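Q: Position one of the sequence shown corresponds to residue 1 (UniProt numbering), numbered consecutively onward. C-beta atoms are modelled at their ideal positions from N, C-alpha and C, and glycine is treated no differently. Note that the coordinates shown come from a computational prediction; the quantities given were computed from them, not determined experimentally. This is the structure I have questions about; it appears just below.
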Amino acid sequence: MQSFFQRMLGAARLDVPTYEEVEHDKSATGQAAGVVALSALAAGVGAMAQGGIAALLLTGLAALLGWVIWAAIIWAVGTKLLPEAQTEADIGQLLRTLGFAAAPGVLRVFAFIPLIGPLVMLVVAVWMLATTVVAVRQALDYKSTWRAVGVCVIGWVVQLLIIALIGSAAGFGMGGPTPAPAA
Numbered sequence: 001m002q003s004f005f006q007r008m009l010g011a012a013r014l015d016v017p018t019y020e021e022v023e024h025d026k027s028a029t030g031q032a033a034g035v036v037a038l039s040a041l042a043a044g045v046g047a048m049a050q051g052g053i054a055a056l057l058l059t060g061l062a063a064l065l066g067w068v069i070w071a072a073i074i075w076a077v078g079t080k081l082l083p084e085a086q087t088e089a090d091i092g093q094l095l096r097t098l099g100f101a102a103a104p105g106v107l108r109v110f111a112f113i114p115l116i117g118p119l120v121m122l123v124v125a126v127w128m129l130a131t132t133v134v135a136v137r138q139a140l141d142y143k144s145t146w147r148a149v150g151v152c153v154i155g156w157v158v159q160l161l162i163i164a165l166i167g168s169a170a171g172f173g174m175g176g177p178t179p180a181p182a183a
């Protein structure tokens, strides 16, 4: 069994045996949450410059919540809408593989560097897209990488719709700003 950091490196290297290991190791869920938290912390360093510690904490909480929602969406799409014959997965398996897929995100800590920051963000975004596809393919036991890509695209659209619904609910007084009382 690999150490936490070996697993992070393996996931970042798109190492299929690493994804298989974390998929089947139920004790790795906490480690996967740790990877998501480290990745969010790295991204939050830049946010801290604009919003301080509160922005950093909010970034971390949003990342952890987003990770859980993303895993649930991918599970539903991948096991109910687009399964292959051998597909068998639970949300825990997706939480673990998708959590470790966030490993390249720790490099976002360098995004604040002038001139190379945007390049770092672009490289990390593409890299994390690749790790996510591998994570989905392995967790859902797919033979087809393209099916995993399709699940990710559909999942992304569903996630955008959920965000839009939450945003419009907030705009209609369901969690949005409360109007001032009449004088």
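Can you find the residues in the same chain that come closer than 6 angstroms, C-beta to C-beta, to residue 28, ignoring five residues on each side of it along the sequence?
A: Around residue 28: 22 and 96.
Q: Could you tell me the alpha carbon to alpha carbon distance between residue 60 and residue 69, rounded to whole angstroms?
A: C-alpha separation (whole angstroms): 14 angstroms.
Q: Cα-Cα, which of 143, 105 and 81 is closest to residue 155?
A: If we check each option's Cα against that of residue 155, 81 comes out closest.
Q: Can you give the Cα-Cα distance for residue 101 and residue 131, rounded to whole angstroms?
A: Spanning the two alpha carbons is a distance of roughly 5 angstroms.
Q: Rank 35, 168, 2 and 26 by C-alpha distance to the C-alpha of residue 98 and give the top, closest one.
A: Selected option, being the one with the closest Cα: 35.
Q: Reducing DSSP to helix, strand and coil, say where residue 6 ends up.
A: Helix, per DSSP.
Q: Determine, using beta carbons only, whether residue 106 and residue 168 come nearer to each other than 8 angstroms.
A: No, Cβ-Cβ distance for residue 106 and residue 168 is not below 8 angstroms.
Q: Could you round the C-beta distance between residue 84 and residue 147 to whole angstroms and report it? I think they count as a contact, below 8 angstroms.
A: Sure, about 7 angstroms apart at Cβ, within 8 angstroms.
Q: Kindly list the residues whose CB is nearer than 7 angstroms to the CB of residue 114, restricted to its own chain and excluding five residues on each side of it in sequence; keep chain order.
A: Contacts found: none.
Q: Exposed or buried, what is residue 86 when buried is set at 16 or more other beta-carbons lying within 10 Å of its beta-carbon?
A: Exposed: under 16 other Cβ atoms inside 10 Å.
Q: Here's the rule I'm using: 16 or more other beta-carbon atoms within 10 Å means buried, otherwise exposed. How should residue 116 be labelled?
A: Its Cβ having fewer than 16 others within 10 Å, residue 116 is exposed.
Q: Assess contact between the stretch 2 to 17 and the stretch 124 to 139, defined as three or more Cβ pairs (one per stretch) separated by less than 8 angstroms. Is contact present?
A: The stretch 2 to 17 is in contact with the stretch 124 to 139.
Q: Please list the segments of the alpha helix (DSSP H) lying wholly inside the UniProt domain "Yip1" (36 to 166), counting only runs of 4 or more residues, in order along the chain.
A: With a minimum length of 4 residues, the continuous alpha helix (DSSP H) runs that stay inside the UniProt domain "Yip1" (36 to 166) are 91 to 101 and 117 to 139.
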